[in-house]
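Residue numbers (the working numbering): 1414 to 1786. Using N, Cα and C, we set each Cβ at its ideal position, and we do this for glycine too. This one's a predicted model, so the numbers in the text were calculated from it and none came from an experiment. One structure is given here, and the rest of the page talks about it.
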């Protein structure tokens, strides 16, 4: 069995999510061609790195990412730090020919994305972005139905990713709030809708900061200014002229993890409801509408955990969870590494989403339409 040795850069929440995938994929995917093993972990502090190493079974705990990206004994570099720290690790891993699994968004700015784009021209490894919402059975099926023409011509759409954590004015200004909602939640819903709909042509966006100051996360009793947006609403135009709205928010009071979409076409429609990840709703306008409604109406497709073999654990009928999309995203990356093919979504999609986020900020500032290349 081929073994891929993994080094994880980062030891926070998303690093644990990725580690969960590496540790549990052998139970979910019944195959004996390859496996991935975490051998090294990196954190800002040695104590954090050593704790993460104990949790994951890693042999080494380091504080310098170069001990992973430049290590000839490591095959895969998993980048799970805040996106403001991605650039150096990506460039180093590319330079040393590592396969790369990178959390979203790709980097912090469009200028940094251009540096990655230039380096990618000389990179021969497999790189994939962690855009796990593409990898639920319901979203896989949605893409199939759209590509098969079941919806006909797209007429309009709505996509949303809503949280409520920042609706509290006393929520401290941690790094994710400083990075902004566009980068955090927006990158997910923008990627998913861009992927399903075949690409955006133009955007007109607006953003909002709910509270001008917040408590400091580092200095109790001190308030600091807020410079990043709490929500984003983008009017998006497709190449065929169809328009839709895409929203991302951290001030949607009462919402836990509200990812969902509605897509309406000339022949049919799709709806994916927040907090109901196992069902895709399909409306077939071509179905007979008589007598008394005939067979026309919304159909709930029980996608459940119906992944193609060798996936099978725990059961196709069990309700799906948030972690499952992450695991299938990672599985897709490992299969690409083993087959020697580019990652999908790869570095090009990471750069594209970085560009879309940049144009949304530009549109919100200018209060005008911005064309996308």
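Per DSSP, residue 1784 is paired with what? 1615
Opening and closing residue of the alpha helix (DSSP H) in which residue 1591 lies: 1588-1592
Taking 7 Å as the threshold (C-beta atoms), are residue 1593 and residue 1521 in contact? no
Going by C-alpha distance, which of 1627, 1500, 1721, 1558 is nearest residue 1528? 1500
Between the Cα of residue 1597 and those of 1630, 1544, 1625, 1611, spot the shortest distance and give me the residue it belongs to. 1544
Exposure of residue 1496, with buried meaning 16 or more beta-carbon neighbours within 10 Å: buried
Taking residue 1540 as the reference, which of 1452, 1451, 1506, 1740 has the closest Cα? 1506
Given a cut-off of 7 Å, decide if residue 1655 and residue 1561 are closer than it, judged by their beta-carbon atoms. no
Could you check whether the stretch 1647-1661 touches the stretch 1610-1626, counting it as contact only if at least three pairs of C-beta atoms, one from each stretch, sit closer than 8 Å? yes
Would residue 1482 and residue 1423 qualify as a contact pair, given that the criterion is a beta-carbon distance under 7 Å? no
With a threshold of 8 Å, are at least 3 pairs of Cβ atoms found where one atom belongs to the stretch 1425-1441 and the other to the stretch 1462-1476? yes
Taking just the CA atoms, how far does residue 1634 sit from residue 1608? 44 Å
Taking the alpha-carbon positions, what's the residue 1416 to residue 1706 distance? 56 Å
Helix, strand or coil for residue 1511? Go by DSSP, reduced to three states. coil
Could you name each continuous alpha helix (DSSP H) segment of 4 residues or more that falls completely within the stretch 1428-1490, going from the start of the chain to the end? 1459-1469, 1479-1482
Contacting residues, own chain, Cβ-Cβ under 8 Å from residue 1765 (five flanking each side not counted): 1607
By alpha-carbon positions, which one of 1628, 1577, 1559, 1454 ends up nearest to residue 1669? 1577
Residue of 1750, 1626, 1551, 1724 minimising C-alpha distance to residue 1712: 1551
Buried or exposed: residue 1426, going by 16 or more other Cβ atoms within 10 Å of its Cβ? exposed
Given residue 1584, which residues of its chain have a CB within under 7 Å of its CB, disregarding the five upstream and five downstream residues? 1578, 1627
Skipping 5 residues on each side, what residues in its chain have a beta carbon closer than 6 Å to that of residue 1743? 1434
Neighbourhood of residue 1681 by C-beta, 6 Å cutoff - its chain only, sequence neighbours within 5 removed: 1563, 1564, 1696, 1697, 1698
Report the rounded CA-to-CA distance for residue 1763 versus residue 1703, giving the unit in angstroms. 47 Å
So, helix, strand or coil for residue 1550, using DSSP? helix
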